[in-house]
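In this text, residue positions in the sequence shown follow the numbering used here: the first is 30, and each later residue adds one. Built from N, CA and C at the ideal position, the CB exists for glycine as well. Computed from a predicted model, the values in this text were never measured in an experiment.
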Amino acid sequence: MFRFLFLFLSLILFQTCKQKQEQSTLFSLLPASETGIKFSNQLTESEEFNVLKYGYFYNGGGVAIGDLNNDGLQDIYFTGNMVSNRLYINKGSFEFEDVTESAGVGAMVGWKTGVTMADINADGLLDIYVCRSGSSVAKERENLLYINQGNMRFTEQAAAYGLNDAGYSTQAAFFDYDNDGDLDMWLLNHSVQEYAGFSQITARLKSQKNPLFASRLFKNEKGKFTDVSEQAGLVNNVLSFGLGIGISDFNKDGWPDVYISNDYNEQDYLYLNQKDGSFRESLKECIGHTSLFSMGVDVGDVNNDGWMDILTLDMLPEDNYRQKQVMGSDNYDKNQLLVRAGFYHQNMRNMLQLNNGPIQLSNSTGKPENIKGVSFSEIGQLAGVSNTDWSWAPLFADFNNDGYSDLFISNGYARDYTNMDFLSFAADEKMKEGQGGQKMTVQQVIGKMPSAIVKNYMYENKGNLTFAKQTEAWGFNQTSISTGAAYADLDNDGDLDLVVNNTNEAAFVYQNNLEIQTKDLHFLKVKLAGEGKNTQGIGAMVQVICKDKTLVQEMMPTRGFQSSVPAELVFGLGTSEIQQVKLTWPGGKVQMLASVKLDQTITLQEKDASVSTSSPEPSAPLFTQENTTIDFTHQEENFIDFKIQRLLPHALSAQGPHIAQGDVNGDGREDLFICGARGQESQFFIQSADATFKALPQPDLAKDATAEDTDASFFDADGDKDVDLLVVSGGYCFPANDPNLQPRLYLNDGKGKFTRKVELLPTMAVDASCVKPGDIDGDGDMDVFIGGRVIPGQYPKTPESYLLVNNGKGQFTIQTDQLAPQLKIIGMVTDALWLDINQDKAQDLVVVGEWMPISIFINQQGKLVNQTSTYLPENSSGWWNRIIAQDFDKDGDMDLVVGNLGLNSQMKVSEQQPATMLYSDFDNNGSIDPILSYYIEGKNHPAFSRDELGGQMPAIKKRFTSYETYARATVEDMFTKEQLQAAQKLIATRFQTSYLENVNGKFTFKTLPIEAQFSPVYAIQSVDINGDGNLDILLGGNMEKTRVAIGKYDANYGTVLLGNGNGNFSSLPQIHSGLHIRGDVRDIIVLEQENEEKKVVVAVNNSKLQTYALEGKKQDITATSQTEK
C-alpha cells in the first residue's frame, strides 16, 4: 500500500516538474498523444517521381486554421503531398479529433500544396480550397473546393464554381479586389523545372506564355468565378515560379494590392490596384531589390507606423558552415546580365521591405499616374532577420502580447541540391559517364544529396526595427523540415499558438504559455461580421489606438506559405489602455469604438458602420521636388573594378559627382561646379538673378574631360580676391601614376573664365577623394590638403595624401614630410575638414577614411600632430565616407557628423569582433590579395566562398579539397604562420553613421536614430529643415556597385534627422519629408538664394541632378525615433 502511494506521488511530482519545465519557455511543443494530431506529410521517392523530376517535390504541405463548425474553437486542416489531407476538429483544451473521413475532405488523389479557408458562398460557414500541383495528369492537378454543408460534411464543388483550375498551383487567396462586396480569388501558380536554370535568363521568355504556369485572378460574378487575369494586367510568362502571396493596402488608398514572391530568376511582382478592375505591376518603381529564390511572404506593420511592411524568405544560412557549403562564385557578369535582361536586382537572403509611404508614379510619357505608388526600404540585415537558411513560411504576429509584431519562420529541406560538394560530385559523375563510366541511378544520385534539417526561427520584435532571436529561449529547440505554418488562439486564452506542417515527421502544435507566465500583458481579439457576401470582413483594416502607440492589422487570412490563419485579429497591448478602436471596412465604411475593455473578444458588425465623409488632409511635406534648371546628368563609365582585383569588397570607381559652390563672377550669387565622370566634361553653372542656372563653357576644362573628377573646391589661390578652382581626380580605371590622376588648378580672371595653370602645382598623380583648403600656417592664404583614396590595382595598400603649402601667389609645394609626416600615409582617405578644435585660433584637421579611425590632427605652430587619442578616446575605426562640423547642441563648439557603412549588412562589428582586412601577395604572383573577414557566431571567417578565394589563389583549393573542409576553416586556417606574420592587417570596429558631440573639448559618440543606419552615407548636410531654429541633418548615400553576394545598398531615399538643439535627433518619416531620392547620392548642397528661398541640390551617381525646394516653415509634424522597448 505504502509502496503504491509512494509511486503514485512520485509520478505526480514528475509530471508537475515536467509541466513546469515545459512552461518555463513561452511555447511548449505538445505531443500527439495529448492533442490527437498525428498528421505527418510523408514523402516517398522513386525512380519515376522525385526531386530531380519535380523540383518542388520537397516544398511540403500547408495548414489552414478556422472555425468550421462555428463553435468558437479553431479547427485545423493539413495538406499532404502524397498522403491524405487531414481535418482535426478542436474539442477544447488542446484536444482534437480527426474527422477527415466523415467530413469527406481527405483528397487522397493528386499532389496537394496550399490550402485556405474562406466563406466562399457567403452562407456563414467556412469552406476549404485546396491547391494541387506536381502531377503530369491535368485532372489530378485540378484544384479542389470543399463547400461546407453545415453538419461537418463537405462536398467538392470546384468545377461548379469555376475554380477547378488545372495549373501548377501553390496557393489561393480570397479577397475583394474590386470592392464590390464579394470575395474574388487570386490563384498563385508556378512554372516547371525546364524554365528554372540560368540558361533561361532571356528577355524572350518573359513574353512566352503558358496558361498552366501563370497566376490567375478570378472575379466573383454572382457566385460563379470568371478568369479576368488578362484584363486585370497580371504578368503571364513561363518564368513565374510563384511561391508566396501577400495582400494588403500598401499605399492606403482603400484598395487591396498584391505582392507575389517568385522563385528562381524571375523577379517578384508588386501589383498596385488601379481601382478599375486592373493592377499595375510596379515593383521596380517602388522597391530597390528583392530576394532571389523568393519563397513565402508575409505582410505586417513591424514598427507600428500604420504602413504595412513585407518580408520575403530565401535560403541564406545563418552559420558560416552552411553558408560556405552553398556559396559558389561571385559572378558579376552573370548578375549584370540578369539585370540587363529585365530580371532586376536580386540577392539570396530574406528581405524585409519597410514601407515608407506613398510616392508619385509616372506613366511612360512622364506624366503623373492617378494611383499612388509606395516606397520601400529593404532593411532585413539591419533588422537581423536576413539569414534563416532554407526557409518557407514567415508569420508576423505578436506572440508575447507586448504590442509589437514578432516573427516566426519555418525552415528546412530534405534534399539540399544547392550543396556545392554535391554539385561537384554530380558534375564529376556526369563526366565519368560521358567517358564510358557506369551511369548512376536517379536514386543513387538523390541519395548523395545532404539534408538541411534545422531549427525553425522565432524572433522577438524589440520595437526599434530590430529583432532578437529567441528560438531556443521561447521553446523552439527541435530540428525539422518544416514548411506551411499558421497561428491561432487555439485555447481562447488571448495569446497565439502555432501549428506547423512538417515533412516526414508529425506536425508540430505549440501551446503559448504567456497567460501562465504573466498577467500584466493584455490583448484584444477582434472578429468581424460583414453584412454582404464578404461575411468575415476580409480586407478590413483595424486600428487599436492607445496613448503610446497605434496598432494596425488587416483581416487577410492567407499568409506565410501555402497556409491561412483564422479570420480574427489578436492585438497584443502590453500594459497599454485602449483609447479607441477604428475599423475601416472594404469599400470605405468606418466604425469607431471608445472605452473598449482589455482582455476580451469583440465582434463588430458592418451594419453598424457608416460611410466615411472625410479624411484628414496630410500635412504638406517639408521638401518639394522641382524641375531643376541645372542641366547636368552624371554619366558614369561602366567599368568593372572587380576585373582589376576580384576580391574587392566593393567598387571604387563610382565616387562622384561632387559639387563645389562659389561666386565665380563676382555678382554676389552662388555658382556651381559639378564634377564629371571619366570621359565627361565637368561643368560650371552660373546663377542668374531669377535664381536659374546656365552652363558656362570653359575650354580648359574640356581638354581635361578624360579624367574622372572626384572633388573640387573654390578658394582664392593667388590672392587676387576672386575664387579659383582646384580639382582632384580618381577612379579605379586608371593605373597608378596615370597623368589623369594629377590635381588641376584653374585660376579665375575675375569674370568667370578659368585657365589651367600646370606650373603652379607639383607633379603628384594621386587617386584622390577630397581637396580641402585651409590656412595651416596662419599667413592669410589658403593651403590645401588632398586626401589619397586608393592606389589603383593595389587595394587596400595605403596611398599617399598631401599637404600643399601656398606661397601666397598660388604656387604650391608639397610640405607633408615637413609639416605633417603622420598624415602622409594615414590611410585610404575619403573626406576631411579643417576646424579649430582646441579654440586656439589655428586650423586643425580631421580626416576620415575606409578602414581608418576618425583621425584628429592638431595644429601646433603650423605643424599637424596626430592627437586622436586625446580628443577622441574611443576606438573609431570604420568605413567612413563623409564628415561635416556644426554646433548642433548650441554650446559654442563644433560637433561632428560622420557617414559610415551603416548597420544594414552581413558584417556585425565591435571592438571584440572587428571586421578585418588581411592583405599581402599571398601567392607571390605580383598582386595584392585583399582578404576580407568578419565574425560569424564568434569566429573570424573569410567573407569569400571557396570558389572566390580559390579563383584568386589556386592554392586555397588544394589546401581545402572540398567545400565542407573550407566551411570549417577560419582565416587563420587559410595561410601559413609565415604568411600571416608577413601580411598587413586593417580592422573596423564601428560601422554606425555617427554623431560626435564636443564635450569640453573631447568628442563623444552619441547614438543617432536607427534610420541613419539603413545604408552607407556619402553625403551630409546640416540646415534648419523644419524652421524651429535648430540645425537638422540630411543624409544621402547608397552603393550599387558591390560584390554580388553583398548586393545593393539602396535603403536611403534621403534621411532627415530633426535636431532639438541639445544634440538629440529624431527621424522624420519620408511621408512628411517629401524626399524620394533613388540611386547613389554622392553630394548634397544647400543654396540660399536672393529671395531667401532655400534649395537643396542632390548629386546622384550616373543620374540627373535633383533639386528640392525647402519650405523652412515650422510645422506640427511628429518625427519618429526608434528606441528600445
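- For the options Q823, A243, Q664, E597, the alpha carbon positioned closest to that of I631 is the one of E597.
- Between the segment 138-154 and the segment 81-94, the count of Cβ pairs shorter than 8 angstroms is three or higher; the stretches touch.
- Note on geometry: alpha-carbon atoms of M1068 and P1045 lie some 7 angstroms from one another.
- T899 and T792 have their C-alpha atoms some 35 angstroms from each other.
- Counting along the chain, the unbroken beta strand (DSSP E) around M621 starts and ends at 618-623.
- If you ignore the 5 residues before and after Y442, its C-beta comes within less than 8 angstroms of the C-beta of Y87, W419, S480, A481, I510, all in its own chain and listed in chain order.
- DSSP places R975 in the uninterrupted alpha helix (DSSP H) bounded by 975-981.
- Note on N1029: under 16 other CB atoms within 10 angstroms of its CB, so exposed under the neighbour-count rule.
- Taking 9 angstroms as the cut-off, the Cβ atoms of G306 and V257 count as close.
- Bounds of the beta strand (DSSP E) holding I688 are 688-691.
- Rounded to the nearest whole angstrom, the C-alpha separation of Q303 and K248 is 15 angstroms.
- CA-CA distance, N172 to S198, rounds to 8 angstroms.
- In the three-state DSSP reduction, I276 falls in the strand class (E or B).
- Using a Cβ distance threshold of 9 angstroms, A1080 and N376 do not count as a contacting pair.
- Exclusion of the five residues before and after P650 leaves H1101, S1102, G1103 as the residues of its chain whose Cβ lies within less than 7 angstroms of its Cβ.
- In the assembly as shown, Q1050 is a buried residue. Its beta-carbon has 16 or more other beta-carbons within 10 Å.
- Across the structure, D628 and L366 are spaced so that their CA atoms are roughly 55 angstroms apart.
- Distance from the CA atom of W503 to the CA atom of E1122, rounded to whole angstroms, is 56 angstroms.
- Nearest neighbour of E1119 by Cα position, chosen from A746, N280, G697, K723, turns out to be G697.
- Annotation: the continuous beta strand (DSSP E) that includes Y1047 extends over 1046-1052.
- When the Cα atoms are used, G979 and S453 turn out to be separated by approximately 15 angstroms.
- Collapsing the DSSP output to three states places S320 in a strand.
- Put simply, of V159, L272, K363, V221 the residue whose alpha carbon is nearest the alpha carbon of T231 is K363.
- DSSP links N777 through a beta bridge to F783.
- Unbroken beta strand (DSSP E) runs of no fewer than 3 residues, entirely contained in the segment 139-200, are found at 140-147, 156-162, 173-177, 183-185, following chain order.
- When the five nearest sequence neighbours on each side are left out, the beta carbons in the same chain lying within less than 8 angstroms of the beta carbon of T1071 are those of P678, H679, A680, K1077, Y1078, in order along the chain.
- Considered as a whole, the segment 498-564 harbours 543-546 as its complete alpha helix (DSSP H) runs of no fewer than 4 residues, in chain order.
- Counted as a single uninterrupted DSSP element, the alpha helix (DSSP H) harbouring S62 occupies residues 61-64.
- By the Cβ neighbour-count rule, P647 is exposed, with fewer than 16 other Cβ atoms within 10 Å of its own.
- S420 has N440 as its beta-bridge partners, per DSSP.
- Going by DSSP, M1003 is part of the alpha helix (DSSP H) stretching over 1000-1003.
- Setting aside the 5 residues that flank it on each side, A370 is surrounded in the same chain by I230, A232, each with a C-beta closer than 6 angstroms to its C-beta; the list follows chain order.
- Note that the C-beta distance between D292 and F322 is below 9 angstroms.
- When DSSP states are grouped into helix, strand and coil, L312 belongs to the helix group.
- By alpha-carbon distance to S220, the top candidate from G568, D427, Y85, D808 is Y85.
- Uninterrupted beta strand (DSSP E) stretches at least 3 residues long and entirely within the segment 831-869 occur at 831-835, 841-843, 857-864, given in chain order.
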